[in-house]
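For the protein sequence lines, the chains are A and B, in the order given. With the UniProt record's numbering, the residue at position 230 of the first sequence is 230, and numbering never jumps. With the UniProt record's numbering, the residue at position 9 of the second sequence is 9, and numbering never jumps. Even for Gly, the Cβ is constructed at its ideal location relative to N, Cα and C. These figures come from a predicted structure and were not determined experimentally. A short write-up of the structure that comes next.
2 protein chains.
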Amino acid sequence: MVVLTANERHALERLEARERHVRRGATLQRDKDRAAEMFILRKGMMMSSVLLDDGSRQILRFHFAGDMLAVSSLAYRAASETISALSDCVVCPFERPAFAAVITDHPRLAALIMVCDQIERAVLTDRLAVLGRTSAKARVAAILIDLRNRMRMLDRGITMSFTLGLTQEELGDATGLTAVHVNRMLRQLEDEGMIAREAGRVTFTDERALERAANFVDRYAGLDLAWLPAGR
Amino acid sequence: MVVLTANERHALERLEARERHVRRGATLQRDKDRAAEMFILRKGMMMSSVLLDDGSRQILRFHFAGDMLAVSSLAYRAASETISALSDCVVCPFERPAFAAVITDHPRLAALIMVCDQIERAVLTDRLAVLGRTSAKARVAAILIDLRNRMRMLDRGITMSFTLGLTQEELGDATGLTAVHVNRMLRQLEDEGMIAREAGRVTFTDERALERAANFVDRYAGLDLAWLPAGR
DNA sequence: CGTGGTATTGACTTGTGTCAAACTGCGTGG
DNA sequence: CCACGCAGTTTGACACAAGTCAATACCACG
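As structure tokens, then:
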């Protein structure tokens, strides 16, 4: 969609100079911890979440390879969310001054990063509308579609069938439901012929119906990048 | 917190060169409309919302003077949310190329805009957790505190008492509740001595209790801007 | 005065949560 | 290799929070 200049590519590569491995289940950043680092996720799947003081957890977002993590340290001294690994992962840590250098030297990269922020924001607001205004069935349908789409962006081979790699507890924490009720909704979607399941693997058997049930909006379509400044 | 250079101030003033008046109840931008403009809200109170296809509405965010509006046009060809005026407002429209020029010439302003994006994001994720995981009473308490704080940022005279300027229907659309239930929760907060009400005016009579009920986190505290590049 | 939007309250319904029990699959250690 | 335990799933019975519907009251405004 956008062809980077050699200089721009080089600047981004410098951010990814170091590597760190994170085990499945491990925590990369804990809410309220001092946080100076940011990361690029190179491999694996992570999530960010917050814990409320009654002990319940809300999962805010799932992260896949290529995502920038802990961007909120741009603004805050302490982390505002917990980031943990859902599978074995590789991340590339970098410091805020390195980031400042990139956006100073490469205005177009700054603009592109803002575009990514806006996409994230649009996805977040969609989720807000889903949590505030839709039924349990719609929420479960929505998260299934979202996960499939995110995975497909990295592996075009994925079409109707994928392993979601999440427990029903986690699905519940992402959708604002209990694990028990997630289970009931999955069963219902299955009974109504929209999905099939075997051993953690989900197959969409009626994608249209699922999208209708979920109020689905594709936030990675309809982009307009014509306004970007020139590359350096 | 950050002192801008004369050049930076000048660049921002150029964005605010034109003015447009928006009547209470009018719509500045409609969801799915072609959207090339962005705005700075100079005066008044607005909100952005989305309409789901079952007709229900989710209010995503309230905007106050100084906020940048329609920032999602940075990424999208069409608007992803409706922005409408809750009171008579004045906005300053500007085009995306003007924005591109600002971030190209003034890296520190680009960085500051990213910081604001991150604050917005943190606020959004808090709301996500509130909608996903807290009771109706907590949601209503949370929105009252949030509105009071936002208003206080513009008028330090506001402390325990303010006019919220929203119908209970709107409170419901923001919290994911029905207007009827919002009413019941307001009554309950009142009966429990946390707030008092007369004619659209709300007074916090026990702020601590209200904050506890709401799971409140102050997202405008704990900022760290030491990493910003130098001003130009 | 009406009239339309908003607020308030009550009676009833429904969606989702809670609790508990059984079941499954899998890794671990004896 | 088996037995055990643990984490996750599935299902049922029941409780409760929030939604729905409807009637009334309260304004502000033409």
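is_contact[residue i, chain A] using C-beta, thresh 7 Å
i	result
aspartate 31 of chain B	no
serine 56 of chain B	yes
threonine 5 of chain B	no
glycine 231 of chain B	no
threonine 27 of chain B	no
leucine 186 of chain B	no
glycine 66 of chain B	no
isoleucine 83 of chain B	no
threonine 178 of chain B	no
glycine 133 of chain B	Per the sequence shown, the amino acid found at residue 133 of chain B is arginine instead of glycine. Answer yes: the Cβ-Cβ gap between arginine 133 of chain B and chain A drops below 7 Å somewhere.
isoleucine 145 of chain B	no
asparagine 215 of chain B	yes
residue 245 of chain B	Residue 245 of chain B lies beyond the stretch modelled for chain B, which goes from 1 to 232, so this question has no answer here.
serine 87 of chain B	no
7 Å Cβ cutoff, residue i in contact with chain B
i	result
proline 97 of chain A	yes
methionine 47 of chain A	no
methionine 114 of chain A	yes
proline 93 of chain A	no
leucine 52 of chain A	yes
alanine 75 of chain A	yes
serine 72 of chain A	yes
Residue i versus residue j - alpha carbon distance
i	j	result
glutamate 19 of chain A	valine 90 of chain A	7 Å
leucine 86 of chain B	leucine 28 of chain B	11 Å
alanine 221 of chain B	arginine 212 of chain B	18 Å
leucine 74 of chain A	glutamate 37 of chain A	9 Å
phenylalanine 99 of chain B	leucine 228 of chain B	19 Å
glycine 200 of chain B	asparagine 183 of chain B	12 Å
methionine 160 of chain B	leucine 166 of chain A	45 Å
phenylalanine 94 of chain B	aspartate 173 of chain B	30 Å
histidine 181 of chain B	glutamate 192 of chain B	16 Å
glutamine 118 of chain A	glutamine 118 of chain B	10 Å
isoleucine 158 of chain B	leucine 109 of chain A	41 Å
valine 102 of chain A	arginine 197 of chain A	45 Å
alanine 70 of chain B	proline 107 of chain A	21 Å
leucine 189 of chain B	alanine 214 of chain B	11 Å
phenylalanine 162 of chain B	leucine 112 of chain A	40 Å
Cutoff 6 Å; reference residue i; Cβ partners in own chain excluding five residues on either side
i	result
serine 48 of chain A	Leu60, Arg61, Glu81 and Ile83
glutamate 16 of chain A	Ile40 and Cys92
leucine 147 of chain A	Leu164
alanine 26 of chain B	Ala85
Cβ shell of residue i (< 8 Å), same chain only, five flanking positions each side left out
i	result
valine 217 of chain A	Asp126
arginine 150 of chain B	Phe62 and Phe64
Assumed close pair residue i, residue j - CB separation to whole angstroms, cut-off 8 Å
i	j	result
methionine 185 of chain B	alanine 136 of chain B	5 Å
leucine 51 of chain A	aspartate 31 of chain A	7 Å
serine 56 of chain B	arginine 133 of chain A	5 Å
residue 293 of chain A	arginine 96 of chain A	No answer is possible for residue 293 of chain A: the residues shown for chain A start at 1 and end at 232.
For residue i, the residue or residues it bridges with in DSSP
i	result
tyrosine 76 of chain A	B:Leu223
phenylalanine 162 of chain B	B:Val202
glutamate 81 of chain A	Per DSSP, none; premise fails for glutamate 81 of chain A.
proline 93 of chain A	A:Phe39
isoleucine 119 of chain B	Per DSSP, none; premise fails for isoleucine 119 of chain B.
leucine 69 of chain B	B:Phe39
Cut-off 7 Å between Cβ atoms - residues of its own chain near residue i, not counting five sequence neighbours on either side
i	result
alanine 209 of chain B	Met194
arginine 34 of chain A	Arg77 and Ala78
threonine 5 of chain A	Gly231 and Arg232
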